[in-house]
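Here the sequence shown stands for residues 58 to 215, where the numbers follow this note's numbering.
All residues carry an ideal CB built from backbone N, CA and C; glycine is no exception.
A short worksheet on the structure shown next.
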Amino acid sequence: MTDLLAPAPPGLSFLATFVVQVADPVEIGSTPEGTRRIIPIVGGRVEGPELRGTVLPVGADFQVLSSATLTELEAKYAIETDDGDRIYVTNFGLRSGTPEDIARLVAGEPVPPERIYFRGTPRLTAAEGRWSWLRSRILVGTGERLPGEVRLTVFVVD
């Protein structure tokens with residue numbers, strides 16, 4: 058048997074921090090997949106070394122609480138960059154923690170971020186121009202749910 062060395066993992070380059078302001082959830086109710094809810098996105102800000110802009114008040118985070126410890130997330134919204142371009146954002150994510158911590162988050166209460174696993178794979182789509190390169194990159198992010206907002210730190214996979 059040959060000893061195989063583990064390959065080096067891909068690197069990550071910081072893209073930006075997205076601070077997404079959210080409104081109270083719209084509860085859909087229990088479905089076969091879990092409890093569904095929609096969280097309206099009402100604004101926010103994107104700040105990075107190059108990418109900076111405003112989160113537009115369009116879109117929502119469509120959630121399924123598939124168990125007492127796991128929430129599946131699918132957010133769809135848009136940002137307008139400080140240089141006037143618009144970027145469509147789709148972010149698939151998972152958020153998990155203890156049943157008590159997830160219940161606190163669902164109730165809008167603060168939970169220390171280190172107690173919650175919150176990861177996502179944002180996809181940014183822009184028209185031809187300065188930001189079109191984002192269409193051909195894989196992005197990953199870490200998240201924090203705070204009262205009234207979600208904070209995502211987004212990286213480009215090198």
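Would you kindly report the start and end of the unbroken alpha helix (DSSP H) that includes residue i?
i: R172; result: Neither: R172 is in no alpha helix (DSSP H) and is coded neither H nor E.
My assumption, with CB atoms under 8 angstroms, is that residue i sits in contact with residue j. Please give the rounded CB distance.
i: G200; j: G150; result: 6 angstroms
i: G105; j: A135; result: Their Cβ separation, rounded to whole angstroms, is 17 angstroms, which puts G105 and A135 out of contact at 8 angstroms.
i: R152; j: F175; result: 4 angstroms
i: L162; j: R180; result: Not really, about 24 angstroms apart at Cβ, beyond 8 angstroms.
i: W190; j: T138; result: Rounded, the Cβ-Cβ distance is 13 angstroms, inconsistent with contact.
i: R208; j: T74; result: 7 angstroms
i: D215; j: P67; result: 6 angstroms
i: L41; j: V213; result: Nothing about residue 41 can be read from this structure; the chain reaches only from 58 to 215.
Just curious, the beta strand (DSSP E) that residue i is in, first and last residue?
i: S87; result: 83–88
i: G205; result: No beta strand (DSSP E) contains G205, which DSSP labels as neither H nor E.
If you compare alpha carbons, which of the options is closest to residue i?
i: E171; options: V121, S87, L203, R194; result: L203
i: V121; options: A183, L130, L196, V115; result: L130
i: E90; options: D81, T128, T182; result: T128
i: E206; options: V197, G165, F212; result: G165
i: G102; options: K133, D60, P114; result: Note that residue 102 corresponds to Arg in the displayed sequence, not to Gly. Ranking the options by Cα distance to R102, first place goes to P114.
i: V146; options: A65, A183, D139, E84; result: A183
i: G198; options: V211, I96, A80; result: V211
i: N148; options: I173, T126, G141, T178; result: T178
i: P82; options: P97, G68, A73, L72; result: P97
i: T92; options: T74, T126, K133; result: T126
i: G141; options: A132, K133, R109; result: R109
When DSSP builds the beta bridges, which residues end up paired with residue i?
i: P67; result: DSSP output for P67 lists no bridge partner at all.
i: G110; result: V103, T138
i: V77; result: G101, V207
i: A184; result: BP columns for A184 are empty, so no partner.
i: V214; result: L69
Can you check whether the C-beta of residue i is within less than 8 angstroms of a C-beta belonging to chain B?
i: L113; result: Protein chains in the displayed structure number just one, and chain B is not present.
Write down every uninterrupted run of the alpha helix (DSSP H) in the stretch 119–175 whose length is 4 residues or greater and which is fully enclosed by it, in chain order.
-> 156–163
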